[in-house]
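Worksheet for the structure shown next.
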Amino acid sequence: MAHAVDTNATRRRRDLALLQTLGFRTRQVVETIAAHATTLAVLGLAVGIPIGIVAGRAIWTAIADGVGVGSETSVPWLLIGAVVAAVIVAVLAVAAIPARRASRTHPAVALRSE
Numbered sequence: 002m003a004h005a006v007d008t009n010a011t012r013r014r015r016d017l018a019l020l021q022t023l024g025f026r027t028r029q030v031v032e033t034i035a036a037h038a039t040t041l042a043v044l045g046l047a048v049g050i051p052i053g054i055v056a057g058r059a060i061w062t063a064i065a066d067g068v069g070v071g072s073e074t075s076v077p078w079l080l081i082g083a084v085v086a087a088v089i090v091a092v093l094a095v096a097a098i099p100a101r102r103a104s105r106t107h108p109a110v111a112l113r114s115e
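Residues in the sequence shown are numbered consecutively from 2, following my numbering.
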């Protein structure tokens with residue numbers, strides 16, 4: 002995730018510089034990169050959690066039936082909620098470094114090079 006956010010901030014340096022030229026403030030550049038990182042995390046969680054629950058239940062049912070034990074499962078929703086919150090906080094912490102670096106880039110320097 003850190004690599005994806007850093008690469009995106011680097012590749013979008015010219016776009017962010019153009020937005021700064023049009024009036025974006027430093028905080029708005031940081032928020033843009035944070036929003037991108039959060040979107041990636043939420044999409045990953047939205048796909049990964051349901052697939053993990055379904056696959057976990059299927060695998061556990063197959064193993065439990067083979068061994069001859071009960072195959073009743075439960076989903077720890079509180080733990081899943083805590084993991085979602087922790088992932089979003091971690092992603093925002095990871096995105097802070099590329100966001101800060103992108104916000105310090107001078108628009109003239111970024112737009113001059115091509």
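Every residue gets a Cβ at the ideal spot worked out from N, C-alpha and C, and that includes glycine.
Within 8 Å, strictly: CB atoms of residue i and residue j
i	j	result
G71	A65	yes
A111	R26	no
I117	I81	Shown here, the chain extends from 2 to 115; a query on residue 117 therefore has no answer.
V92	M2	yes
Contact belief for residue i with residue j at Cβ below 8 Å, rounded distance in angstroms
i	j	result
A6	V95	Checking the sequence, you will find Val at residue 6 rather than Ala. Contact holds; Cβ gap of about 6 Å.
A42	V88	6 Å
T8	P108	So it is not a contact: roughly 21 Å between Cβ atoms.
Residue environment, residue i, which counts as buried when at least 16 other CB atoms sit within 10 Å
i	result
A38	buried
L17	buried
E29	It should be noted that the sequence gives Gln, not Glu, for residue 29. So Q29 ends up on the exposed side.
A63	exposed
V1	Here the chain covers residues 2 to 115 and nothing more, so residue 1 does not appear.
A103	buried
A10	buried
Segment limits, alpha helix (DSSP H) that includes residue i
i	result
S116	Residue 116 falls outside the range modelled here, since the chain spans only 2 to 115, and no answer is possible.
G24	From DSSP, G24 is part of no alpha helix (DSSP H); its letter is neither H nor E.
H107	That residue, H107, is in no alpha helix (DSSP H); it is neither H nor E in DSSP.
R12	3 to 12
Exercise for the section: Decide yes or no for the touch test of the segment 92 to 105 against the segment 23 to 39: beta carbon pairs closer than 8 Å, at least 3 of them. Expected result: yes
Practice task
Assess, as a yes-or-no matter, whether the segment 74 to 84 is touched by the segment 46 to 61 under the definition of 3 or more beta carbon pairs within less than 8 Å.
Solution key: yes
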